[in-house]
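S.K.: Take this structure first; my questions come after.
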Amino acid sequence: MAGSHIKALYLAKRVFPSVFGLKSFCDDKENIERLPPIKTPKRLKSFISSTGLITQIVKSSASDRTSEALQKYCPRKYFNQPLTEDEKLSVVKLIEPSSIGHERKSSPVLISGSNLSIESKAKMMSPKSKPKFLQFTCSNYEIEAYLWSMIHSYGFGHWWGKSSNNEKVVRQNIAKIIKLRRFEKISLHQLLQDLSISECFSSATSNVKSLAMFHDFVWWFYNSFIGSLIQVFCFLMSIFASQYLPESAKFQP
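Sequence positions in the sequence shown follow the numbering used here and run 3 to 255.
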């Protein structure tokens, strides 16, 4: 239990840096780990309680949710190439401090082996003429399904509240990030657009106390959690791969 609490407090520092007097939106891991031991700030107690959001994320990270989600939503990746250690630990690394994290050797991430595709959502060219790297590319539909599964399996639940409009905004943002593939063209302002803040974190077990905390969380959610999953698993996506194919061979929704 003590270990889980330490991890939860560490993750809280990364998710809500402003509460600890750190700069927001930079995920300064070194300075976070240099912070001296302190009592849990009152504003964060609901998040790291036994039923809080941060604690639920930590508990979920103890099991191999990644392989399960990939096998279901990204079968080509799962069956065509074993997961590297970096891939297996992509979310765990966000949660565990260096002093607690396991010492594991990371296998090199193979760019050509980071993705896959689904037959029901994409029309592909014949196997004889198909470039080998397309065996691992994934459609945007697959990536979205995989990310949505990871969001729920890691305990994020409905941080956007019960608002169907907020859920729609979150889905649209994720789709936009997938399409861009990188974060240099998307801002916090864009991520917050059309989101009803008053309806977010409506649960009493995880209640944001300030606008700064909310901004911290939203940026961490998209940039660190979603971003790490996309960059590790979906580096080569169908939108990128299709640039090198003739029109007749490109994926069609």
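Yeah, the Cβ is synthetic: ideal placement off N, Cα and C, and Gly gets one too.
(1) Mind reading off the beta-carbon distance from residue 176 to residue 194? Whole number of angstroms is fine, and I expect it under 8 Å.
(2) In the DSSP assignment, the alpha helix (DSSP H) including residue 274 goes from what residue to what residue?
(3) Please determine, among 146, 11, 70 and 5, the residue with the shortest C-alpha to C-alpha distance to residue 228.
(4) Does the Cβ-Cβ distance between residue 152 and residue 55 come in under 8 Å?
(5) In whole angstroms, what is the alpha-carbon distance linking residue 76 and residue 178?
(6) Using a Cβ-Cβ cut-off of 8 Å (strictly less than) and excluding sequence neighbours within five positions of residue 270, which residues of its own chain qualify?
(7) Give a yes or no on whether the C-beta atoms belonging to residue 155 and residue 71 are separated by under 8 Å.
(8) Output yes or no for whether 8 Å exceeds the beta carbon distance between residue 157 and residue 15.
(9) Compute the distance between the beta-carbons of residue 201 and residue 163, then report whether it is under 8 Å.
(10) Since residue 43 contacts residue 17 with CB under 8 Å, what's their CB separation in whole angstroms?
(11) Among 165, 170 and 181, which has the Cα closest to the Cα of residue 143?
(12) Alpha carbon to alpha carbon, what distance is there between residue 166 and residue 173?
(13) Can you name, in chain order, every residue of its own chain whose Cβ lies under 6 Å from the Cβ of residue 214, other than the five neighbours on each side?
(14) Can you have a look at residue 11 and say buried or exposed, based on whether 16 or more other CB atoms are within 10 angstroms of its CB?
(15) Are the Cβ atoms of residue 199 and residue 223 separated by less than 8 Å?
(16) Confirm, please, whether the CB-CB distance from residue 161 to residue 1 is below 8 Å.
(17) Mark residue 218 as exposed unless 16 or more other C-beta atoms lie within 10 angstroms of its C-beta, in which case mark it buried.
(18) For the alpha helix (DSSP H) containing residue 67, name the first residue and the last one.
(19) On the CB-based measure, 16 or more other CB atoms within 10 Å of its CB, does residue 212 come out buried or exposed?
(20) Under DSSP, the alpha helix (DSSP H) around residue 195 begins and ends at which residues?
(21) Which same chain residues, not among the five before or five after residue 171, have their C-beta less than 8 Å away from its C-beta?
(22) Straight-line CA distance for residue 35 to residue 192?
(23) Taking just the CA atoms, how far does residue 73 sit from residue 31?
(24) Relative to the C-alpha of residue 52, which candidate in 6, 225 and 210 has its C-alpha closest?
(25) So, helix, strand or coil for residue 53, using DSSP?
(26) Exposed or buried, what is residue 9 when buried is set at 16 or more other beta-carbons lying within 10 Å of its beta-carbon?
M.R.: Quick look at the numbers:
(1) Translated into positions along the sequence shown, residue 176 becomes position 174. Translated into positions along the sequence shown, residue 194 becomes position 192. Between residue 194 and residue 176 the Cβ distance is about 14 Å, and since that is not below 8 Å, they are no contact.
(2) Outside the modelled stretch of the chain, which goes from 3 to 255, sits residue 274, for which no answer is possible.
(3) The count along the sequence shown starts at 1 and reaches residue 228 at position 226. Nearest option by C-alpha distance: 146.
(4) As a working mapping, residue 152 is identified with position 150 in the sequence shown. As a working mapping, residue 55 is identified with position 53 in the sequence shown. Pairing residue 152 with residue 55 gives a Cβ-Cβ distance that is not under 8 Å.
(5) Working through the sequence shown from its first residue, we reach residue 76 at position 74. Working through the sequence shown from its first residue, we reach residue 178 at position 176. Those two C-alpha atoms are separated by around 20 Å.
(6) A query on residue 270 cannot be resolved here, the shown segment of the chain reaching from 3 to 255 and no further.
(7) As a working mapping, residue 155 is identified with position 153 in the sequence shown. As a working mapping, residue 71 is identified with position 69 in the sequence shown. Yes; because the gap between Cβ atoms is below 8 Å, this pair is in contact.
(8) Taking the sequence shown and counting its residues from 1, the one referred to as residue 157 is at position 155. Taking the sequence shown and counting its residues from 1, the one referred to as residue 15 is at position 13. No. Outside cutoff.
(9) Taking the first residue of the sequence shown as position 1, residue 201 is located at position 199. Taking the first residue of the sequence shown as position 1, residue 163 is located at position 161. Yes, the Cβ-Cβ distance between residue 201 and residue 163 is below 8 Å.
(10) In the sequence shown, the residue the question calls residue 43 occupies position 41. In the sequence shown, the residue the question calls residue 17 occupies position 15. Contact flag wrong, Cβ pair sits at about 12 Å.
(11) Within the sequence shown, residue 143 is the residue found at index 141, counting from 1. Nearest option by C-alpha distance: 181.
(12) On the sequence shown, position 171 is the one that residue 173 refers to. On the sequence shown, position 164 is the one that residue 166 refers to. For residue 173 and residue 166, the distance between alpha carbons rounds to 11 Å.
(13) Looking up residue 214 in the sequence shown gives position 212. If we look at residue 214 and ignore the five residues flanking it on each side, its Cβ neighbours are 20.
(14) In the sequence shown, residue 11 corresponds to position 9, counting from 1. Buried: at least 16 other Cβ atoms inside 10 Å.
(15) Counted from its first residue, the sequence shown places residue 199 at position 197. Counted from its first residue, the sequence shown places residue 223 at position 221. Their beta carbons are not under 8 Å apart, which means residue 199 does not touch residue 223 by this criterion.
(16) As shown, the chain starts at 3 and ends at 255. That puts residue 1 outside it, with no answer to give.
(17) On the sequence shown, position 216 is the one that residue 218 refers to. It is buried - the Cβ of residue 218 has at least 16 other Cβ atoms within 10 Å.
(18) Along the sequence shown, read from residue 1 onward, the residue named residue 67 stands at position 65. Counting along the chain, the alpha helix (DSSP H) containing residue 67 begins and ends at 67 to 75.
(19) The residue given as residue 212 occupies position 210 in the sequence shown. Its Cβ having fewer than 16 others within 10 Å, residue 212 is exposed.
(20) For the purposes of this step, residue 195 is taken as the residue at position 193 of the sequence shown. That residue, residue 195, is in no alpha helix (DSSP H); it is neither H nor E in DSSP.
(21) Working through the sequence shown from its first residue, we reach residue 171 at position 169. Taken in chain order, the residues that qualify are 162, 195, 196 and 197.
(22) Counting from one through the sequence shown, the residue named residue 35 turns up at place 33. Counting from one through the sequence shown, the residue named residue 192 turns up at place 190. Residue 35 and residue 192: Cα-Cα distance of roughly 30 Å.
(23) Walking along the sequence shown from the start, residue 31 turns up at place 29. Walking along the sequence shown from the start, residue 73 turns up at place 71. The straight-line gap from Cα to Cα measures roughly 31 Å.
(24) Position 50 of the sequence shown, counted from the first residue, corresponds to residue 52. Distance check between residue 52 and each of 6, 225 and 210 places 6 closest, using alpha-carbon atoms only.
(25) Mapped onto the sequence shown, residue 53 falls at position 51. In this structure, residue 53 counts as coil in the three-state DSSP scheme.
(26) Residue mapping note: residue 9 aligns to position 7 of the sequence shown, counting from 1. By the neighbour-count rule (16 or more Cβ atoms within 10 Å), residue 9 is buried.
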